[in-house]
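Numbering (the working numbering), first residue to last: 354 to 563.
Below, the structure written as structure tokens:
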């Protein structure tokens, strides 16, 4: 069994979140870039992720999918990077990472497709209303310098990515608290490296498509 870490991604996907996390850990990894469509739906890749989606990582014979799970896994797999708080201090870390993976992801995705839950049905959906989700997210990023306390963690990679993408694509309003938080974390060397790697892959794909 090999210890090699293989990263399955597409540079125009949520794989960018996992890329950032991988760069934060400083671990060695090999990238497998998959095109949307046949590549992701091939029998070989469906054996990795039956959803036919990226990102995914294969590490020491184990598969992890879903961007938030990948962030949490990598923080534990490479503890020397210091990207997870000690176990007794993980309440906010888990709380806000999975708030972003659940209510925030669902609410902003629905907004992107023009779907809004009727006011009289909000009790029936996990996130309630988009406005409430945004207000709580605003609260989350103003309680401390980073999302889980006074130091950067894997939760910032995931929550920050949701905020950065949301503001970029217009599904999340550009509140001062979001802009200040995103500015604090998006200039990290690992974040810059990850963007440069994926942007170069996008450019290569576009050049090939011409």
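Glycine is no exception: its CB is placed at the ideal position from the N, C-alpha and C atoms. Keep in mind it's a predicted model, so treat the numbers as computed, not measured.
Does the separation of the CB atoms of residue i and residue j fall below 8 Å?
i, j, result
"residue 498", "residue 483", "no"
"residue 362", "residue 407", "yes"
"residue 359", "residue 410", "yes"
"residue 372", "residue 420", "no"
"residue 446", "residue 506", "yes"
"residue 515", "residue 453", "yes"
On the premise that residue j lies in contact with residue i, defined as a C-beta separation below 8 Å, what is that separation, rounded to the nearest angstrom?
i, j, result
"residue 487", "residue 526", "7 Å"
"residue 405", "residue 394", "5 Å"
"residue 424", "residue 374", "5 Å"
The beta strand (DSSP E) spanning residue i covers which residue range?
i, result
"residue 383", "383-386"
DSSP puts residue i in a beta bridge; with which residues?
i, result
"residue 502", "499"
"residue 457", "Per DSSP, none; premise fails for residue 457."
"residue 409", "361, 418"
Which two residues bound the contiguous alpha helix (DSSP H) that contains residue i?
i, result
"residue 555", "542-562"
"residue 485", "483-493"
According to DSSP, is residue i helix, strand or coil?
i, result
"residue 318", "Only positions 354 to 563 of the chain appear in the structure, and residue 318 is not among them; the question remains open."
"residue 448", "helix"
"residue 354", "A caution first: residue 354 carries a pLDDT of 48, below 50, which makes its placement in the model too unreliable to give a value."
"residue 393", "coil"
"residue 368", "helix"
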